[in-house]
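Accompanying notes for the structure given below.
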Ligand code: GLP
């Protein structure tokens with residue numbers, strides 16, 4: 023694992039965006055695995071800025087998102103499809119038809135997951151996977167469990183995740199209890215992985231991810247086994263390392 027230490031969130035966002043920029047320049051038709059949450063927002067802002075300056079072209083890029091809440095309409099302001107559109111896709115020249123997010127409206131979980139795995143398979147491999155880190159070590163919505171889940175699956179969100187994500191909803195009761203998420207195997211198959219981690223409240227879990235045992239109880243610890251992971255983290259997040 024490579025650790026890229028940054029001064030603060032702004033610096034983190036610029037450095038993470040630079041890695042993605044290099045990927046898009048080197049391979050204009052690359053497959054980007056994308057993430058939601060507050061951590062990558064600054065990264066998307068930098069990419070939009072460079073696109074607007076004419077430095078980046080996303081017209082041939084395909085994107086595959088990690089996860090989606092089950093039961094939310096794509097135009098619900100809390101859905102991850104809405105998040106991606108408003109924070110990134112609406113501001114760049116990516117073809118919307120080449121952007122994929124699990125179908126949160128599919129009530130048949132098995133079908134939703136199977137369909138998404140097919141999409142991932144058809145893309146022939148993610149070139150660069152961007153990840154955030156949940157407070158309990160989750161990546162995507164792969165929550166702590168007894169095994170590392172392989173493909174796309176439907177998860178029951180843990181109380182810790184519901185609590186962490188309630189800040190985006192009117193009340194905790196509005197946070198969906200289930201989500202569809204790409205599995206650990208699909209994440210691990212990406213050629214390159216970039217994890218953005220910011221803030222003191224992530225310091226303890228980041229230490230476990232990097233230095234602790236590899237265990238599905240800390241899902242992101244599996245990244246220790248990947249050959250090309252860069253953790254871009256600010257000083258606050260690295261304060262326990
Ligand atoms: C959600 C998302 C994750 C994200 C995590 C951390 O649960 N499913 O993909 O990494 O939140 O979010 P934040 O960056 O806001 O701390």
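Residue numbers (my numbering): 23 to 263.
No residue lacks a Cβ here, since even glycine has one placed at the ideal position from N, Cα and C.
A quick note: this is a predicted structure, and the numbers were derived from the prediction, not measured.
Where the beta strand (DSSP E) containing residue i begins and where it ends
i: residue 26; result: 24–28
i: residue 39; result: No beta strand (DSSP E) contains residue 39, which is instead part of the alpha helix (DSSP H) from 31–48.
i: residue 263; result: It is not in any beta strand (DSSP E) - residue 263 carries neither H nor E in the DSSP assignment.
CB-CB length for residue i against residue j, believed under 8 Å
i: residue 90; j: residue 124; result: 4 Å
i: residue 179; j: residue 151; result: Not quite, the Cβ-Cβ distance comes to about 21 Å (not below 8 Å), so this is no contact.
i: residue 148; j: residue 206; result: Between residue 206 and residue 148 the Cβ distance is about 13 Å, and since that is not below 8 Å, they are no contact.
i: residue 197; j: residue 188; result: 5 Å
i: residue 202; j: residue 135; result: 6 Å
Bridge-paired residues (DSSP) for residue i
i: residue 234; result: Answer is none; residue 234 lacks a bridge partner.
i: residue 254; result: 26, 218
i: residue 177; result: 201
i: residue 55; result: 86, 151
i: residue 102; result: Partner(s): none; residue 102 has no beta bridge.
Endpoints, alpha helix (DSSP H) assigned at residue i
i: residue 244; result: Per DSSP, residue 244 belongs to no alpha helix (DSSP H) and is neither H nor E.
i: residue 86; result: That residue, residue 86, is in no alpha helix (DSSP H); its beta strand (DSSP E) goes 84–87.
i: residue 139; result: 131–144
i: residue 74; result: 63–74
Cβ-heavy atom distance, residue i to the ligand GLP, below 7 Å
i: residue 93; result: no
i: residue 160; result: yes
i: residue 125; result: no
i: residue 259; result: no
i: residue 89; result: yes
i: residue 65; result: no
i: residue 167; result: no
i: residue 205; result: no
Among the options, the one whose alpha carbon lies nearest that of residue i
i: residue 23; options: 241, 96, 216; result: 216
i: residue 56; options: 171, 78, 155; result: 155
i: residue 162; options: 263, 226, 210, 191; result: 210
i: residue 84; options: 237, 254, 143, 192; result: 143
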